[in-house]
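So for the sequence shown, numbering that gives the first Met the number 0 puts the first residue at 0; every next one is plus one.
Even for Gly, the Cβ is constructed at its ideal location relative to N, Cα and C.
Here the structure is a predicted model, which means the values were calculated and not measured.
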Amino acid sequence: MKLYPILLALLTLNSCTDKKTTSTPVKEPEPVKTEVKDPEKINKVVIEGDLGTIDEAMVQKKFAESRDQVSACVHKGLENAEYVGGDFFFTFRIALDGTVKTLDMKSTVGHRDIETCIYGFAKALQFPKPEGGEALVNFSWSFNSTMDVQHQWDANRLGNAYPKLRSKLIRCSDGTNEAPSEYQVIFFVLPDAELGPVGVSSGKTLPSDKFYKCVHSAIKGAKLPDPLGSVARVVLPIAP
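What follows is the structure in structure tokens.
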């Protein structure tokens, strides 16, 4: 079954002043399980900061231009994984020349390839030059899976396998942003207890490949429950 995720990006703006405003929530469409020609995109951007400002219309245009690149990241990663979907939350620090100085990302997707592709795309964005100093831009995207996930598991559902797995996951960290001590790992368990996609997110920079490989190896070696002909999505917050 070929996947065509629905891409949703929710976009709201406010100026970089001490006063912050909140946009009216946008109602998300129901997940669609049939073929669609293009993902529907809704943008959400919040611009804030105590130093600089960015022109609203220019920021809207920048994210509108990103549709094809975002879709390519998602479509490529979703081959044979139609059960994957979730949210991205970004905080951009925009330098005076409009480049991204720093980028923090939190993901609930649970797919390393998609997360890596989206992070790389977002880090390379060229924004309008902020006026008056550097600026912060908060941005979120989401896309829906095209297949329902029958089971949502936490640590309790992993039973006796969890304590040993948690110990290994903690040892993957060195306390840096690239190998954080506090993070969230999301992964999928397929029929016959086969491990599906895995993603890690700390809300900071994208964790390193070395850290991800350590996390993946720990999960791969765990004795996971069998979802019995279906797919389970597992969410584990990890902290010392």
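Does Pro24 pass the burial test, meaning 16 or more other C-beta atoms within 10 Å, or should it be called exposed? For Pro24, the predicted model reports a pLDDT of 48, less than 50, meaning its position is unreliable; a value from the coordinates is still stated below. Label assigned to Pro24: exposed.
Counting pairs of beta carbons, one from the segment 171-182 and one from the segment 135-154, are three or more of them closer than 8 Å? no
Which residues in the same chain as Ala192 place their Cβ atom closer than 6 Å to its Cβ, once the five residues preceding and following it in sequence are excluded? Leu223, Asp225
Can you tell me whether Lys19 is helix, strand or coil according to DSSP? Low confidence applies to Lys19: its pLDDT is 41, below 50, so where it sits in the model is not reliable enough to give any reading.
For Gly220, does the count of other Cβ atoms within 10 angstroms reach 16, so buried, or fall short, so exposed? exposed
Got a sec? Which residues, its chain only, sit under 7 Å from Leu124 by beta carbon, not counting five neighbours each side? Lys61, Val99
The alpha helix (DSSP H) spanning Ile218 covers which residue range? 208-219
Residue ranges of each alpha helix (DSSP H) run of no fewer than 4 residues wholly in the segment 108-179, ordered along the chain? 111-122, 160-170
On the DSSP bridge assignment, give the partners of Thr204 in chain order. The partner list for Thr204 (beta bridge, DSSP) is empty, contrary to what the question assumes.
What residue range does the beta strand (DSSP E) around Val73 cover? Unbroken run through Val73 is the alpha helix (DSSP H), 66-76; no beta strand (DSSP E).
Nearest CA to the CA of Gly109: which residue from Cys116, Ile93, Val199, Ala80? Val199
Nearest-angstrom Cα separation, counted from Asn143 out to Glu29: At Glu29, the pLDDT of 49 sits below 50, so the modelled position is not reliable and the matter cannot be decided from this model.
Note down, in chain order, each residue of its chain lying with its Cβ closer than 6 Å to the Cβ of Thr107, except the 5 sequence neighbours on either side. Gly85, Asp86
Buried or exposed (CB count within 10 angstroms, at least 16 for buried), Pro245: With the chain represented from 0 up to 239, any question about residue 245 goes unanswered, as that position is not in the structure.
Note down, in chain order, each residue of its chain lying with its Cβ closer than 7 Å to the Cβ of Pro239, except the 5 sequence neighbours on either side. Ile169, Ser180
Span of the beta strand (DSSP E) holding Gly85? 85-93
Assign Gly228 to one of three DSSP states: helix, strand, or coil. coil
Quick check: is the beta carbon of Phe91 nearer than 7 Å to any beta carbon in chain C? Among the protein chains of the structure shown there is no chain C, as only one such chain exists.
By DSSP, does Asp103 sit in helix, in strand, or in coil? strand
How big is the Cα-Cα spacing for Phe210 and Ile93? 27 Å
Select from Trp140, Ser216, Arg156, Ala134 the residue whose C-alpha is nearest the C-alpha of Glu114. Trp140
By alpha-carbon positions, which one of Ala178, Ser229, Pro162 ends up nearest to Glu212? Checking the displayed sequence, the identity of residue 212 turns out to be Lys instead of Glu. Here the closest residue by C-alpha is Ala178.
In three-state DSSP terms, what is Pro239? coil
Could you check where the beta strand (DSSP E) with Ile53 kicks off and where it finishes? Where Ile53 is concerned, there is no enclosing beta strand (DSSP E), given that its DSSP letter is neither H nor E.
State buried or exposed for Ser201, treating a residue as buried only when at least 16 other CB atoms are found within 10 Å of its CB. buried
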